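Chains as they are written, first to last, in the numbering used here: chain Y, -12 to 208; chain Z, 91 to 427.
The C-beta atom is built at its ideal place from N, Cα and C for all residues, glycine as well.
No experiment lies behind these values; they were computed from the predicted model shown.
Okay, so here's the structure we're looking at.
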Amino acid sequence: MLELDSVTAGYERRAPVFHGASLTVAPGESVGLLGPSGCGKSTLARVAALLHRPDAGRLVLDGTEVRAWRHRAPRAQRTAVGVVFQQPRTAADPRLTLTELIAEPLRATGRRAEAADRVAALAPAVGLTPDLLGRRPHEVSDGQLQRACLARALTLRPRWLICDEMTAMLDASTTAALVAAVETYRAETGAGLLAVGHDRVLLNRWCDRTVDWKDCLTAAP
Amino acid sequence: MTADHVLRALAAVSAERAEGAVLSVRGLTVRFRLRGGRTVDAVSDADFDLGAGECLALVGESGCGKSVLASALLGLLPGNAETSGTALLAGPEGGAGTDLLAADEKTLARTVRGRRVGLVPQSPAAHLTPVRTVRSHLEETVRALTGTSRRARREAAETAAERAAFPAGHLDRHPHELSGGLAQRAATALALIGDARLLLADEPTTGLDRDLVDRTVDELRRHADEGRALLLITHDLAAAARIADRVAVMYAGRIVEVAPAHRFFGPTGPRHPYARGLLDALPDRAFTPIPGMPPELSDLPEGCAFAPRCPRATVRCGTRPAPTAGVACHHPEQPRA
Ligand code: SF4
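Given below as structure tokens:
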């Protein structure tokens, strides 16, 4: 279970972006969170991905409450969640090749030895061909880079996947391909998904259920 | 009628259209020479016409060459680009036309960009200077384009804002104080100042919410309805379906199909296998991706560039299909309905 309970978060202590947002994703479930841009849904996604400490409220991951965020979070919790953002250009280190990018989480957790096998398995799963793997971000298209970012999110085999507007910049075919890659991974592993976005048609088609942002805000002051 | 007759009739129709065209593009080709002798064929042999009051949507995935085509029309290509072909922009009030590809930078800067071709940019935030208010942007553009007196400038700026449905009460704000939608309207207002007959919108809805996408393209449609020619460059098929009269599909630098929008998005459907695959990928249709990825523009195959991904490919596809009746394909799909 991924439980967000009455979460208040923002970037200034006195002016949170939202108050009291709650949302639950069951194991293996896919939930679409719909809302207009600027509403705070991306901030909530960052809380769920352990990247942003909330001002109030709780995040409970598989029964354990999260008490530390970012690099302070315990490794077991950090590696249980994979995340993909809207903008692959700002999410990828421009100095790394796509292979290094995909293997980055293994390197960061001291499992470099597994990198070659894992990259070899993930690249075809996200539709990346071998000739692209040696390139750096500026040498590939947005769609190709986003494929690599999805692969990176899957590298440590997370039980939870957070996709924040993952396909907002992409064409229809690349969108369908990335969604199919996520769903194949979930079918194999039983991972749960929180997909955040503004495209109702897409999220309705993709997810088991969709939730409107305003319906998450149960405990507004 | 024989096939030959049909072709001739079609050629006559497009010739007629070309005469009334605001923009008439023939054989537009853009190559980039890279170090090490590699060349990138960004746009190959593009042909299309665009009339007053008409919206042509140029669709395709990122990197297919559609933004390069737009830059070529504005004379904004980097120095290592080589262009050929013609892009004839009709002259004002029956005056002499201008070949946008042959014009020198001075002509483009003084008489074309902003005056005869208005650009609605991809990211308005990047297009606007952060330290200046919207009013100052507008007045500066009015001054540069028309050289009117200070008072007339103020009026002209306010009129431009109104035409783009930019609220007068926000004119004294800076770009960062605007929502995404208002920033897009401010950029559109700027594009409209010169009263250009051709509006070029390059991915104007990227990153906007669906409601805002709808509003933005509806406004663009309104500007076309006022008699402007609108070239909408987008990867958003829903936006194209909403406002386009015709759709041109680009794949690997070539326009592979041009079709009336009602036929393309309607029950008949597109005829080029790539175009059909792109539509079938939509979440309200089959939601199935086209297998594989587009080829590198620096390493295009001899024949049809779509062949490695095409379910209908045969040996004939090893030679490049010439566009016939709006479709460049050896085995076009039959109409669905
Ligand atoms: S020419 Fe051949 S490979 Fe190309 S789209 Fe048509 S059928 Fe497919």
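Any C-beta of chain Z under 8 Å from that of D202(Y)
no
Beta-carbon of G114(Y) versus every beta-carbon of chain Z: anything under 8 Å?
yes
Determine, using beta carbons only, whether I380(Z) comes closer than 8 Å to chain Y.
Taking a beta-carbon distance threshold of 8 Å, I380(Z) counts as an interface residue toward chain Y.
Note down, in chain order, every chain C residue with its Cβ under 8 Å from the Cβ of Q131(Y).
The displayed structure is made up of protein chains Y and Z, and chain C is not among them.
Counting only Cβ pairs nearer than 9 Å, list the residues of chain Y close to F256(Z).
By Cβ distance, chain Y contributes nothing, its closest Cβ being about 19 Å from F256(Z), past 9 Å.
Mark A299(Z) as exposed unless 16 or more other C-beta atoms lie within 10 angstroms of its C-beta, in which case mark it buried.
This sequence places Asp at residue 299(Z); Ala is not what is there. That one is buried.
Identify whether H6(Y) lies in helix, strand or coil by the three-state DSSP scheme.
strand
Decide if K201(Y) is buried, meaning its Cβ has at least 16 other Cβ atoms within 10 Å, or exposed.
exposed
In angstroms with no decimal places, state the Cα-to-Cα distance between D292(Z) and G44(Y).
43 Å
To which residues of the same chain is A63(Y) closer than 8 Å at the C-beta, ignoring the five residues directly before and after it?
Cβ neighbours of A63(Y) beyond the five flanking positions: none.
Does the segment 214 to 233 of chain Z touch the segment 305 to 320 of chain Z, meaning 3 or more C-beta pairs lie closer than 8 Å?
no
With a threshold of 8 Å between beta carbons, is G110(Z) in contact with chain Y?
no
Which word fits A60(Y), buried or exposed, when buried means at least 16 other C-beta atoms lie within 10 angstroms of its C-beta?
buried
Threshold first: 4 residues or longer. Then list the alpha helix (DSSP H) segments lying entirely within the segment 32 to 112 of chain Y, N to C.
62 to 65, 75 to 78, 85 to 95 and 102 to 112
V188(Y) in three-state terms, based on DSSP
Note: V188(Y) maps to helix in three-state DSSP.
Let me make sure I understand the geometry here. Which of R122(Y), R65(Y), R144(Y) and L10(Y) has the alpha-carbon closest to that of E175(Y)?
R144(Y)
Take the Cβ of D315(Z) as the centre, count every other Cβ of all protein chains shown within 10 Å, and call the residue buried at 16 or more, exposed below.
exposed
Please list, in chain order, the residues of the segment 287 to 299 of chain Z that have any C-beta partner in chain Y closer than 7 Å.
Listed by position, the residues of the segment 287 to 299 of chain Z near chain Y (Cβ gap below 7 Å) are T296, G297 and D299.
Shorter than 8 Å from the beta carbon of S29(Y) to some beta carbon of chain Z?
no
Verify the CB distance criterion: does F377(Z) have a CB-CB separation below 8 Å to chain Y?
Yes, F377(Z) counts as interfacial toward chain Y.
I'd like to know whether the C-beta of A148(Z) is nearer than 8 Å to at least one C-beta of chain Y.
Per the sequence shown, residue 148(Z) should be read as Leu rather than Ala. False, the Cβ-Cβ gap to chain Y never drops below 8 Å.
So A32(Y) and L181(Y) are supposed to be a Cβ contact under 8 Å. How far apart are they, rounded?
7 Å
Distance between R121(Z) and P391(Z) (C-alpha atoms, nearest Å):
16 Å
Could you give the first and the last residue of the continuous beta strand (DSSP E) run that contains F355(Z)?
Premise fails: F355(Z) lies in the alpha helix (DSSP H), A351 to F355, not in any beta strand (DSSP E).
If you reduce the DSSP assignment to three classes, tell me which class G187(Z) lands in.
coil
Return helix, strand or coil for V(-6)(Y), following the three-state DSSP convention.
strand
Quick check on the DSSP output: the beta strand (DSSP E) that includes S121(Z) runs from which residue to which?
Rather than Ser, the amino acid found at residue 121(Z) in this sequence is Arg. From DSSP, the beta strand (DSSP E) with R121(Z) extends over A111 to R123.
At the level of alpha carbons, what is the spacing between H264(Z) and G69(Y)?
37 Å
Quick one: does the C-beta of G363(Z) sit closer than 7 Å to a heavy atom of ligand 1?
Residue identity differs from the one stated: residue 363(Z) is Pro in this sequence, not Gly. Yes, the Cβ of P363(Z) comes within 7 Å of a heavy atom of ligand 1.
Would you report the Cα separation of A328(Z) and L321(Z), rounded to the nearest angstrom?
16 Å
Using a Cβ cut-off of 8 Å (strictly closer), state whether D374(Z) contacts chain Y.
yes
Would you mind reading off the limits of the alpha helix (DSSP H) that contains D118(Y)?
P117 to L120
Cβ-heavy atom distance between F396(Z) and ligand 1 below 7 Å?
yes
Segment contact, 8 Å Cβ cut-off, at least three pairs: the segment 132 to 149 of chain Z with the segment 331 to 340 of chain Z:
yes
Straight-line Cα distance separating S17(Y) from C194(Y):
5 Å
Can you tell me the Cα-Cα spacing of V166(Y) and L119(Y), whole angstroms?
20 Å
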